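S.K.:
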Amino acid sequence: MSLTMDTTDTLGGKERNDHILARIGYKRGEHRVTPGLYRVNGPDDKSPVLVTSNYSLSFDAVRSHLKGIAAWVLVLDTKGINVWCAAGKGTFGTDEIVRQVKGTGLEEIVSHRRLILPQLGAPGVKAHEVKERTGFVVEYGPIRAEDIPAYLKDRKATPEMRQVQFPAKDRVVLVPVEWRNYLKLGIPAGLLLVVLAGWFGLGVFLLGYVGSLFFFPLLFPYLPSKKFSIKGMALGALLSLPLLAWSWLGPMPLVEMALVDLAVLLGMMGVVGYVGLNFTGSTPYASRTGVKDEIFRFIPPMVAMSATGLALAVAAGIGIYAGWF
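The letter at position 161 of the sequence shown is residue 323 when you use the numbering used here, and the numbering goes up by one with no holes.
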């Protein structure tokens, strides 16, 4: 018994709206399609079988790059998570592939015994076990869906198809969801800064919250070090420069200015360093061991910098109201 569904190689307004909502982090985990076997462009028993996750953006990326290509798309139940992350979590894995192959009756539908998996799904899959349990051979296709048509022509991946890329457009598209992730903390903190420090507080908020979440992805390859935390701290120091210049040009007494400048510098480095550390889950470069290492090595100094910056800011504020300066 087989169960298949039809889909197309064209995306409409519904899909584009879904992509926008996913990009801003609205109802995360709900951007998914029904797992199972899909027909694209009238495939036959010899048509290739491409495997992907049921995250709607992953599924749409695959089918939209099958223009005029007859193919089967086997969608795994990854709980609405993309291929790379699902492979790490185990939902894009051996057991789910076996379950979907058997559940859809794929062996009755195609005459060949070959599954084309995205390369980024490899960490979660034991290819030899898939073959033993289903009879299907696992073949790893290109990293990017846009390379699928070229790959299918001769079933060979060029070095470029195997190369992980993270260009500016892929980095900047992450900004809206990052802004939303920090919204619950960012807005109250921004209001508090404005109440306590007026325009200067607004500047701290704009550079520390809006600026860091925009410039970190944009400048990611150019920031020093391979450590995400150090990249973030370096950006924090850079973003603090306009605020330091602002205080120097203002009427602040020397002692107050020194306290404020040091508070801003340490606070920005600590906070933006944390932003950088959290960006590990958004790139194809981080590893579990690397992330754990950064957490243990850099969280304590970042907390210390943020706490010291806050203490200095409080000291400066008390000094002003008490007339010490």
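A virtual CB, placed ideally from N, CA and C, is assigned to each residue, including glycine. Since the structure is predicted, the reported quantities are computational estimates derived from the model, not experimental observations.
Could you pull the start and end residues of the alpha helix (DSSP H) that S220 belongs to?
M.R.: One-based indexing of the sequence shown puts residue 220 at position 58. Its alpha helix (DSSP H) spans residues S218 to S226.
S.K.: So, with DSSP's three-state summary, where would you put G198?
M.R.: Along the sequence shown, read from residue 1 onward, the residue named residue 198 stands at position 36. It is a strand residue.
S.K.: Have a look at L401 and T172 and give me their C-alpha separation to the nearest angstrom.
M.R.: For the purposes of this step, residue 401 is taken as residue 239 along the sequence shown, with counting starting at 1. For the purposes of this step, residue 172 is taken as residue 10 along the sequence shown, with counting starting at 1. Straight-line Cα distance between these residues: approximately 43 Å.
S.K.: I need the DSSP call for V335, collapsed to helix, strand or coil.
M.R.: Along the sequence shown, one-based indexing puts residue 335 at 173. V335 falls in the coil class under three-state DSSP.
S.K.: Enumerate in chain order the residues of its own chain whose CB-to-CB distance from A396 is below 6 Å, with the five nearest sequence positions on each side excluded.
M.R.: Here residue 396 refers to the residue found at position 234 when the sequence shown is read from its first residue. Answer for A396: L385 and P386, listed in chain order.
S.K.: For N216, is the classification buried or exposed, using 16 other Cβ atoms within 10 angstroms of its Cβ as the cut-off for buried?
M.R.: Mapped onto the sequence shown, residue 216 falls at position 54. By the 10 Å Cβ count, N216 comes out buried.
S.K.: Hey, F390 and E456: beta-carbon distance below 8 Å or not?
M.R.: Stepping through the sequence shown from its first residue, residue 390 is reached at position 228. Stepping through the sequence shown from its first residue, residue 456 is reached at position 294. Their beta carbons are under 8 Å apart, which means F390 touches E456 by this criterion.
S.K.: May I have the straight-line CA-CA distance separating E418 from F378, to the nearest angstrom?
M.R.: Indexing the sequence shown from 1 puts residue 418 at position 256. Indexing the sequence shown from 1 puts residue 378 at position 216. Looking at the two C-alpha atoms, the distance is approximately 30 Å.
S.K.: For V245 and F298, which I take to be in contact (beta-carbon distance under 8 Å), what is that distance rounded to the nearest angstrom?
M.R.: Counting from 1 along the sequence shown, the entry for residue 245 is found at position 83. Counting from 1 along the sequence shown, the entry for residue 298 is found at position 136. Going by Cβ atoms, the distance from V245 to F298 rounds to 18 Å, so no, they are not a contact pair.
S.K.: Given that a residue counts as buried once 16 or more other Cβ atoms are within 10 Å of its Cβ, and exposed if not, what is R306?
M.R.: Numbered from 1 along the sequence shown, position 144 holds the residue referred to as residue 306. It counts as buried.
S.K.: Terminal residues of the continuous alpha helix (DSSP H) containing A184?
M.R.: As a position in the sequence shown, residue 184 is number 22, starting the count at 1. First-last of the alpha helix (DSSP H) with A184: G175 to R185.
S.K.: Who are the near neighbours of A284 in its chain, counting only those whose CB is closer than 8 Å to its CB and skipping five residues on each side?
M.R.: Counting from one through the sequence shown, the residue named residue 284 turns up at place 122. So the qualifying residues of the chain are A249 and Y302.
S.K.: Quick one, are the C-beta atoms of V202 and A233 less than 8 Å apart?
M.R.: Position 40 of the sequence shown holds residue 202. Position 71 of the sequence shown holds residue 233. It is a contact, given that the beta carbons lie within the stated cut-off.
S.K.: State the start and end residues of the unbroken alpha helix (DSSP H) segment that holds M395.
M.R.: Within the sequence shown, residue 395 is the residue found at index 233, counting from 1. F390 to L411 is the span of the alpha helix (DSSP H), which, as asked, contains M395.
S.K.: Based on Cα-Cα distance, which residue from L427, E269 and E192 lies nearest to L369?
M.R.: Taking the first residue of the sequence shown as position 1, residue 369 is located at position 207. For the residues L427, E269 and E192, the minimum Cα distance to L369 belongs to L427.
S.K.: With a threshold of 8 Å, are at least 3 pairs of Cβ atoms found where one atom belongs to the segment 182–196 and the other to the segment 225–244?
M.R.: Yes, the segment 182–196 touches the segment 225–244.
S.K.: What does the alpha-carbon distance come out to for the pair S273 and D206?
M.R.: Working through the sequence shown from its first residue, we reach residue 273 at position 111. Working through the sequence shown from its first residue, we reach residue 206 at position 44. Near 9 Å, if we compare the C-alpha coordinates of D206 and S273.
S.K.: When you compare the CB positions of V260 and F221, do they come within less than 8 Å of one another, or not?
M.R.: In the sequence shown, counting from the first residue as 1, residue 260 sits at position 98. In the sequence shown, counting from the first residue as 1, residue 221 sits at position 59. Contact: no.
S.K.: What residues match up with Y302 in a beta bridge as DSSP calls it?
M.R.: Walking along the sequence shown from the start, residue 302 turns up at place 140. Per DSSP, L279.
S.K.: Helix, strand or coil: which one does DSSP assign to A232?
M.R.: One-based indexing of the sequence shown puts residue 232 at position 70. If DSSP states are grouped into helix, strand and coil, A232 belongs with coil.
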